[in-house]
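These notes concern the structure reproduced below.
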Ligand SMILES: Nc1ncnc2c1ncn2[C@@H]1O[C@H](COP(=O)(O)OP(=O)(O)OP(=O)(O)O)[C@@H](O)[C@H]1O
Ligand SMILES: [Mg+2]
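Residue numbers (the working numbering): 176 to 480.
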């Protein structure tokens, strides 16, 4: 799998050098952040939307990849109805620019939907053609945020591993904490992934969030020898969020002075000041190539907690 991975990466690099376009540089400012969780419904999509909005406010250009196969719903939060998705690019029926949806200033969306899982069925040549599509938008963004969906399916794991940062979202519920631990366990023990960033959502006070962080990091240091969990912040329970989802107006936009929005801004600051843990992704195309190659590698065992 390693050979296959490096040969596709080399193909990508060679292609880029031949074209003499963007240089693949580890210092490229693009940062790919995967947002994941063990349990569903803990707030990933809201975190992705909130991070995108906070980053966009500081002038950063953000691309959201909605990679949640089952329940893609960033589009609902922003009240858009994408007509095309990444499958249309794979079929050669649209370019990557044609499927991009502008959500608001500085924020774009790639609706991936079920198309992402079709990556497994593409030949290397088709994959390369798709990856080359990403050249068209490389350099257009400062951040890529990937809403991966919940659980430990191949898609979730490989997006997390290919990204520069992996944010795990949990709530204070024991089931959510156990499932967050299970996800980190598979990533660290089976894939050698070490660094996780933690957001505790829907808390009553920061004390509760810190308690969750301490119990997870204690378990990780005991049983997942090399894993490091970095607490990047908490988000309070905000009853107005579900109302804003119903009205389809992103909560952060309509409530700039709320405790939730302030907490989101704080997390965004912590994230942007932190050092990315995976440093060789360089650009969007390389990130996607890592994902695509992983997808054709051995399938991921579903581990019990
Ligand atoms: N801080 C919060 N306070 C109150 N409600 C919240 C908060 N965060 C998220 N929610 C609500 O929780 C529900 C789940 O949120 P969201 O859809 O973001 O979770 P998810 O992890 O993306 O779910 P899924 O696994 O289904 O994709 C939504 O109804 C949302 O409005
Ligand atoms: Mg979601």
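Each residue gets a CB set at the ideal place from its N, CA and C atoms; glycine is no exception.
{"Asked": "Does the contact criterion of 3 or more C-beta pairs under 8 Å hold for the segment 226-233 versus the segment 277-285?", "Found": "yes"}
{"Asked": "Ignore the nearest five residues each way along the sequence and tell me which others in residue 231's own chain have a CB closer than 8 Å to its CB.", "Found": "237, 279, 280, 281 and 282"}
{"Asked": "Based on Cα-Cα distance, which residue from 395, 353 and 344 lies nearest to residue 368?", "Found": "395"}
{"Asked": "Return yes when at least one heavy atom of ligand 1 lies under 7 Å from the C-beta of residue 218, else no.", "Found": "yes"}
{"Asked": "Would residue 210 pass as a contact of residue 321 if the rule is Cβ separation under 8 Å?", "Found": "yes"}
{"Asked": "For residue 344, which residues of its own chain have a beta-carbon under 6 Å away from its beta-carbon, when the five flanking residues on both sides are left out?", "Found": "212, 217, 218, 219, 222, 374 and 376"}
{"Asked": "By Cβ distance below 8 Å, which residues in the same chain neighbour residue 317 in space, the five residues on each side in sequence not counted?", "Found": "204, 205, 206, 230, 235, 236 and 237"}
{"Asked": "As a quick exercise: from 372, 388, 445 and 370, pick the residue whose alpha carbon is nearest that of residue 378.", "Found": "388"}
{"Asked": "Using the Cα positions of residue 430 and residue 248, report the straight-line distance between them to the nearest angstrom.", "Found": "21 Å"}
{"Asked": "Once the 5 residues before and after residue 202 are set aside, which same chain residues still bring their CB inside 6 Å of it?", "Found": "Confidence in residue 202 is poor, its pLDDT being 41 and thus under 50, which makes the residue's placement unreliable; the coordinate value appears in the next sentence. The answer is none, since no qualifying residue turns up."}
{"Asked": "Run through DSSP, which three-state label would residue 220 get?", "Found": "helix"}
{"Asked": "Assign residue 421 to buried or exposed, taking buried as 16 or more other Cβ atoms, counted over all protein chains shown, within 10 Å of its Cβ.", "Found": "exposed"}
{"Asked": "Does ligand 2 have a heavy atom nearer than 7 Å to the CB of residue 248?", "Found": "yes"}
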